[in-house]
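Presented below is the structure to which this report refers.
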Amino acid sequence: QKEVEQDPGPLSVPEGAIVSLNCTYSNSAFQYFMWYRQYSRKGPELLMYTYSSGNKEDGRFTAQVDKSSKYISLFIRDSQPSDSATYLCAMIRPMDSSYKLIFGSGTRLLVRP
Amino acid sequence: DTGVSQDPRHKITKRGQNVTFRCDPISEHNRLYWYRQTLGQGPEFLTYFQNEAQLEKSRLLSDRFSAERPKGSFSTLEIQRTEQGDSAMYLCASSPSTGVYNEQFFGPGTRLTVL
Numbered sequence: 019q020k021e022v023e024q025d026p027g028p029l030s031v032p033e034g035a036i037v038s039l040n041c042t043y044s045n046s047a048f049q050y051f052m053w054y055r056q057y058s059r060k061g062p063e064l065l066m067y068t069y070s071s072g073n074k075e076d077g078r079f080t081a082q083v084d085k086s087s088k089y090i091s092l093f094i095r096d097s098q099p100s101d102s103a104t105y106l107c108a109m110i111r112p113m114d115s116s117y118k119l120i121f122g123s124g125t126r127l128l129v130r131p
Numbered sequence: 242d243t244g245v246s247q248d249p250r251h252k253i254t255k256r257g258q259n260v261t262f263r264c265d266p267i268s269e270h271n272r273l274y275w276y277r278q279t280l281g282q283g284p285e286f287l288t289y290f291q292n293e294a295q296l297e298k299s300r301l302l303s304d305r306f307s308a309e310r311p312k313g314s315f316s317t318l319e320i321q322r323t324e325q326g327d328s329a330m331y332l333c334a335s336s337p338s339t340g341v342y343n344e345q346f347f348g349p350g351t352r353l354t355v356l
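Chains L and F are the protein sequences, given in the same order.
Residues 19 to 131 (this note's numbering) are what the first sequence spells out, left to right.
Residues 242 to 356 (this note's numbering) are what the second sequence spells out, left to right.
Dropping the structure here:
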């Protein structure tokens, strides 16, 4: 069983829809939670980073962490065709002095014009 | 462009050949990471450098893989006697070492195809 589980999709939504992307994890040692966006044939780029449980908002993006359920979410409001990409959740265990990222498998999102 | 750069962007090789990839991190970043990403999967950690010291290696990094970061600047990842299972995107990332958590900035990756 993978430490971080993520539905691979693809998820297809019309432009303007609210998108919900989710990950679950099994190790309570994870303390830092990130969402990366990856366009085709590009490296991942950081969208959001959270540490504590609760919500964090940045423009059209909201990251949500529920440590008690080991569940994190990314919401995208007013989705745009330019949001079409693969969204990767990633986590860090502070005990790993390297702070290496443990990624989910990614969810492909397609926003239809 | 002051981001992370990787060279080459694409590499096609025959099984059994050796290949070497280069990563140039953001200049002031002390930490450097290599990840491997296969189709439909998220990146998987391979190895980590703090300056020139290689401090952690994944079990994914078999004896055929070797990574270096001389002088704590650029890094190279070499794969000897390539196998078809080595076909993947090899991603490099760097981050500063100050603070508890720092964003890892990724390069565009080197896509390896082993025929």
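Where a beta carbon is used, it is the ideal one built from N, C-alpha and C, also for glycine.
### Query
In the segment 290 to 343 of chain F, which residue ranges form an unbroken beta strand (DSSP E) of at least 3 residues, counting only runs that do not cross its ends?
294 to 298, 306 to 309, 316 to 320, 329 to 336
### Message
Determine, for F/L353, whether the minimum Cβ-Cβ distance to residues of chain L falls below 9 Å.
### Response
no
### Message
Out of F/W275, F/A334, F/S268, F/G257, which one is the CA nearest neighbour of F/S314?
### Response
F/S268
### Query
Mapping DSSP to helix, strand and coil, what is F/P284?
coil
### Query
Hey, F/K252 and F/R352: beta-carbon distance below 9 Å or not?
yes
### Among F/T317, F/L296, F/L332, the one whose alpha carbon lies nearest that of F/F262
F/T317
### Query
Since F/R352 is in the beta strand (DSSP E), which residue starts that stretch and which ends it?
351 to 355
### Query
So which of L/A35, L/M52, L/V37, L/D96 has the shortest CA-CA distance to L/Y43?
L/M52
### Message
Looking at chain L, is there any beta carbon in it that lies within less than 9 Å of the beta carbon of F/A334?
### Response
yes
### Query
Which residues bound the beta strand (DSSP E) around L/D84?
79 to 84
### Query
Is it the case that the Cβ atoms of L/S128 and L/I94 are separated by a distance below 9 Å?
Residue 128 of chain L is actually Leu in this sequence, not Ser. Taking 9 Å as the Cβ cut-off, L/L128 and L/I94 do not qualify as a contacting pair.
### Task
Can you give me the Cβ contacts of F/F306 inside the same chain, cut-off strictly under 6 Å, excluding the 5 residues immediately before and after it?
I320
### Task
Out of L/G124, L/A47, L/G72, state which residue places its alpha-carbon closest to the alpha-carbon of L/Q56.
L/G124
### Message
I'd like to confirm the pairing. Which residues does DSSP put opposite L/E23 in its beta bridges?
### Response
L/T42
### Query
What distance in whole Å lies between the Cβ atoms of L/R130 and L/V31, which are believed to be in contact at a cut-off of 8 Å?
7 Å
### Query
DSSP state of L/D76, grouped into three classes?
strand
### Task
With 8 Å as the limit, tell me which residues of the segment 274 to 289 of chain F have their beta carbon closer than that to any beta carbon of chain L; keep them in chain order.
Y274, Y276, G281, Q282, G283, P284, E285, F286, Y289
### Task
Determine, using beta carbons only, whether F/G257 comes closer than 9 Å to chain L.
no
### Query
With burial defined as no fewer than 16 other Cβ atoms inside 10 Å of the residue's Cβ, what is the status of F/L280: buried or exposed?
exposed
### Task
Inspect the CB distances between the segment 329 to 349 of chain F and the segment 60 to 70 of chain L and report whether three or more fall short of 8 Å.
yes
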